[in-house]
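Visitor: Going by the numbering used here, 352 is the number at position 352 of the sequence shown; the sequence numbering is gapless.
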Amino acid sequence: MKRYIKQAVGGLNTRILCTALVTAMAAGHASSGYAGATFKIDDTKWISLGLGLRSSFQTVEGAAGNNGNKWSNDFNLDNTRLYVNGQIHKYLKVEFNTDCQTCSNGGELRVLDAIGKIEYNSMVNLWVGRMLVPAERREMNGPFYSPIYQVYSSGSPFEPADFNTTIQNNGTSAGSFGRDDGATFWGSVFNDRFQYAIGFFRGLRGGANVNDNILYAQRVSYNFWEVEKNPGYYTSGTYYGKGGDILTVAASNQYQQDGAGQGATSVNNVAIAADPGNFRGTGVDVLMEKVLPNNGVVTLNGEYKNYDISGGYSQATRNANYPNSFAMFEGNSYDVSGMYLFPQKIGIGLIQPYVRYVNIMPDTSSNRNSYQAGVNYVIDGHNAVVSLNYIYGDMATKGITNYQSNVTGDNVNSLVLGFQWQI
């Protein structure tokens with residue numbers, strides 16, 4: 001997902017515009033806060049282009065094959081994104097983003113977002129196509145606008161749209177990278193302090209969802225201090241003090257009948273009956289960011305999730321790991337973090353140390369905990385950041401695991417050096 005600002009370039013005919021777009025691929029325009037380059041076609045039409053890259057080095061204790069205490073050494077290409085936004089009418093816009101998903105395993109370029117937008121005023125707007133499903137802040141930030149590089153791999157359980165990395169129709173997918181096909185109404189009232197997003201999506205495709213029930217998703221938030229300024233219903237995990245003093249509380253909910261469980265299948269020529277369940281995921285999140293008198297910035301993020309599956313989905317089927325199974329997490333989780341941005345520039349950037357704690361409490365297995373500490377070197381807001389972080393915990397090597405399993409891993413150490421660039 002790309003945030004963008006307008007940079008007017010007047011008097012471009014078609015040939016000049018094409019040349020400018022190629023030039024933007026190589027150079028572009030960056031601004032503190034949200035990056036982008038926008039080229040004006042006429043009084044109502046414009047197009048913007050941007051690029052994003054995240055790459056990391058990770059070393060994990062005891063993960064190098066079966067060599068006990070040896071540390072693994074992995075270089076990863078985490079994200080490679082192309083952002084395209086445009087306006088074709090005063091009230092009509094379009095957004096198209098791609099990503100090299102599963103890049104570290106070779107990867108392939110895939111559609112990330114493809115959104116047609118009707119944006120009439122701040123109170124009522126409609127997006128249709130493939131987009132982020134309204135959820136808690138971590139999902140709405142995306143990787144490029146989160147304050148912690150490894151925000152997902154050691155975090156709380158994913159929403160259904162993040163259960164699988166690819167969109168499939170065999171009962172194992174409800175979207176990809178937090179996106180799904182559907183529509184979202186969004187807007188804000190009360191001087192933009194109260195913000196809402198109400199979405200309708202395909203959700204689980206096939207499998208347990210034999211009746212093609214849709215997924216309903218909602219997010220509401222209230223800005224007590226300064227109003228957060230993001231495109232649409234997107235969010236950010238920090239503004240590095242550029243957004244003033246912020247205190248925002250939000251709640252989100254997703255529900256789909258037959259949105260989890262097992263579809264009818266066959267294992268070793270033995271028929272397995274369908275075992276669907278109704279999925280509900282509810283979350284509450286808080287962001288507080290305070291600019292201190294010395295221009296240092298304190299940022300606190302907190303998140304609570306409660307997931308439940310009702311109306312079926314037996315314990316036997318859940319633990320069997322059959323084909324066409326959508327074994328969503330059930331239980332509670334907490335994710336809290338705090339950071340401080342020093343005001344003194346060192347070299348070309350600012351230092352921002354942080355700490356984080358994640359507690360996951362599944363209904364059907366043992367609790368998991370992880371502890372994280374790191375430091376960001378902030379060169380240009382979300383556009384250029386270098387991050388070094390250390391994680392200790394049961395989730396350090398596994399990311400979002402099958403929490404229905406009663407088997408937990410050993411607590412391990414993990415060290416990650418991440419680089420983020422976008423324009």
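Think of the CB as a built atom: it goes at the ideal place given N, C-alpha and C, for glycine as much as any other residue.
Whose C-beta lies closer than 7 Å to the C-beta of Y145 among residues of the same chain, with five residues either side of it excluded?
Guide: The count along the sequence shown starts at 1 and reaches residue 145 at position 145. The answer, listed in chain order, is S236, G237, H382.
Visitor: Exposed or buried, what is Y222 when buried is set at 16 or more other beta-carbons lying within 10 Å of its beta-carbon?
Guide: Position 222 of the sequence shown holds residue 222. That one is exposed.
Visitor: Taking 9 Å as the cut-off, decide whether the C-beta atoms of Q262 and S325 are in contact.
Guide: Looking up residue 262 in the sequence shown gives position 262. Looking up residue 325 in the sequence shown gives position 325. Yes, the Cβ-Cβ distance between Q262 and S325 is below 9 Å.
Visitor: Tell me whether D285 is buried or exposed, calling it buried when 16 or more other Cβ atoms sit within 10 Å of its Cβ.
Guide: Reading the sequence shown from its first residue, position 285 is the one you call residue 285. D285 should be labelled buried.
Visitor: May I ask which residues mark the beginning and end of the alpha helix (DSSP H) holding N301?
Guide: Here residue 301 refers to the residue found at position 301 of the sequence shown. Taken as a continuous stretch (DSSP letters only), N301 belongs to no alpha helix (DSSP H), being part of the beta strand (DSSP E) at 297 to 310.
Visitor: By the 10 Å Cβ neighbour count, where 16 or more other Cβ atoms means buried, how is Q420 classified, buried or exposed?
Guide: Taking the sequence shown and counting its residues from 1, one reaches residue 420 at position 420. Looking at its Cβ environment, which holds 16 or more other Cβ atoms inside 10 Å, Q420 is buried.
Visitor: Out of Q422, S153, D275, N141, which has the shortest C-alpha to C-alpha gap to R179?
Guide: Along the sequence shown, one-based indexing puts residue 179 at 179. Here the closest residue by C-alpha is N141.
Visitor: Assuming contact is defined by CB atoms lying nearer than 9 Å, are P276 and A373 in contact in what I supplied?
Guide: On the sequence shown, position 276 is the one that residue 276 refers to. On the sequence shown, position 373 is the one that residue 373 refers to. Their beta carbons are not under 9 Å apart, which means P276 does not touch A373 by this criterion.
Visitor: Quick one, are the C-beta atoms of N389 and L350 less than 9 Å apart?
Guide: As a working mapping, residue 389 is identified with position 389 in the sequence shown. As a working mapping, residue 350 is identified with position 350 in the sequence shown. Going by C-beta atoms, N389 is not nearer than 9 Å to L350.
Visitor: If you check the beta carbons only, do G331 and Y354 fall under 9 Å apart?
Guide: The residue you call residue 331 lines up with position 331 of the sequence shown. The residue you call residue 354 lines up with position 354 of the sequence shown. No, Cβ-Cβ distance for G331 and Y354 is not below 9 Å.
Visitor: If you follow the beta strand (DSSP E) that M123 is in, where does it begin and where does it stop?
Guide: One-based indexing of the sequence shown puts residue 123 at position 123. Neither: M123 is in no beta strand (DSSP E) and is coded neither H nor E.
Visitor: For V189, count neighbouring Cβ atoms within 10 angstroms of its own Cβ and tell me buried if that reaches 16, exposed if not.
Guide: Your numbering for residue 189 matches position 189 in the sequence shown. Answer is exposed; the Cβ neighbour count stays below 16.
Visitor: Would DSSP call E427 helix, strand or coil?
Guide: Shown here, the chain extends from 1 to 423; a query on residue 427 therefore has no answer.
Visitor: Determine, using beta carbons only, whether D335 and S156 come nearer to each other than 9 Å.
Guide: Walking along the sequence shown from the start, residue 335 turns up at place 335. Walking along the sequence shown from the start, residue 156 turns up at place 156. Result yes, Cβ atoms of D335 and S156 sit closer than 9 Å.
Visitor: Can you list, in chain order, the residues of its chain with a C-beta nearer than 7 Å to that of G182? Leave out the 5 residues immediately preceding and following it.
Guide: Taking the sequence shown and counting its residues from 1, the one referred to as residue 182 is at position 182. Once the five neighbours on either side are set aside, the close Cβ partners of G182 are G199, F200, F201, R202.
Visitor: Around the Cβ of E95, are there at least 16 other Cβ atoms within 10 angstroms (buried) or fewer (exposed)?
Guide: By 1-based counting over the sequence shown, the position of residue 95 is 95. So E95 ends up on the buried side.
Visitor: Tell me the residue span of the beta strand (DSSP E) that contains A197.
Guide: Counting from one through the sequence shown, the residue named residue 197 turns up at place 197. 194 to 201 is the extent of the beta strand (DSSP E) around A197.
Visitor: Among all the DSSP beta bridges, which residues are the ones paired with R81?
Guide: Residue 81 sits at position 81 when you count from the first residue of the sequence shown. For R81, which the question treats as bridged, DSSP gives the partners G52, D99.
Visitor: Determine the DSSP secondary structure at P160, reduced to helix, strand or coil.
Guide: For the purposes of this step, residue 160 is identified with residue 160 of the sequence shown, where counting begins at 1. Note: P160 maps to helix in three-state DSSP.
Visitor: Out of S56, Q87, R81, S55, state which residue places its alpha-carbon closest to the alpha-carbon of F39.
Guide: Position 39 of the sequence shown, counted from the start, is the residue given in the question as residue 39. Answer by Cα proximity: Q87.
Visitor: What are the residues that DSSP puts in a beta bridge with P231?
Guide: Reading the sequence shown from its first residue, position 231 is the one you call residue 231. Answer by DSSP bridge pairing: none, since P231 is not bridged.
Visitor: Distance check for A327 and T364, CA to CA, integer angstroms please.
Guide: Taking the sequence shown and counting its residues from 1, one reaches residue 364 at position 364. Taking the sequence shown and counting its residues from 1, one reaches residue 327 at position 327. Cα to Cα, T364 sits roughly 12 Å from A327.
Visitor: Grouping DSSP H, G and I as helix and E and B as strand, with all else coil, what is Y34?
Guide: In the sequence shown, the residue the question calls residue 34 occupies position 34. Note on Y34: pLDDT 39, under 50, position unreliable in the model; the coordinate value appears next. It is coil, neither helix nor strand.
Visitor: Can you tell me which of the three DSSP states Q372 falls into?
Guide: Translated into positions along the sequence shown, residue 372 becomes position 372. Looking at Q372 - three-state DSSP - the assignment turns out to be strand.
Visitor: Pick out whichever of D162, K229, S387, R318 has its Cα sitting closest to the Cα of V375.
Guide: By one-based count along the sequence shown, residue 375 stands at place 375. Comparing Cα positions, the closest option is S387.
Visitor: Pull up the CB-CB distance for P143 and R280, whole angstroms please, since I reckon it's below 8 Å.
Guide: Translated into the one-based positions of the sequence shown, residue 143 becomes position 143. Translated into the one-based positions of the sequence shown, residue 280 becomes position 280. Actually they are not in contact, since the Cβ atoms of P143 and R280 sit about 26 Å apart, beyond 8 Å.
Visitor: Which of the three DSSP states, helix, strand or coil, is assigned to A273?
Guide: Stepping through the sequence shown from its first residue, residue 273 is reached at position 273. Looking at A273 - three-state DSSP - the assignment turns out to be coil, as it is neither helix nor strand.
Visitor: Per DSSP, what are the beta-bridge partners of T282 in this structure?
Guide: By 1-based counting over the sequence shown, the position of residue 282 is 282. T282 is bridged to N253, N306.
Visitor: Does I148 pass the burial test, meaning 16 or more other C-beta atoms within 10 Å, or should it be called exposed?
Guide: Taking the first residue of the sequence shown as 1, we reach residue 148 at position 148. It is buried - the Cβ of I148 has at least 16 other Cβ atoms within 10 Å.
Visitor: Please go through the same chain and pick out, in chain order, the residues whose beta-carbon is closer than 8 Å to the beta-carbon of N295, but skip the five residues on each side of it.
Guide: Here residue 295 is taken as the residue at index 295 of the sequence shown, counted from 1. Only G241, P343 meet the Cβ criterion.
Visitor: Classify I423 as buried or exposed, calling it buried when 16 or more other Cβ atoms lie within 10 Å of its own Cβ.
Guide: Within the sequence shown, numbered from 1, the residue matching residue 423 stands at position 423. Buried, by the Cβ-count rule.
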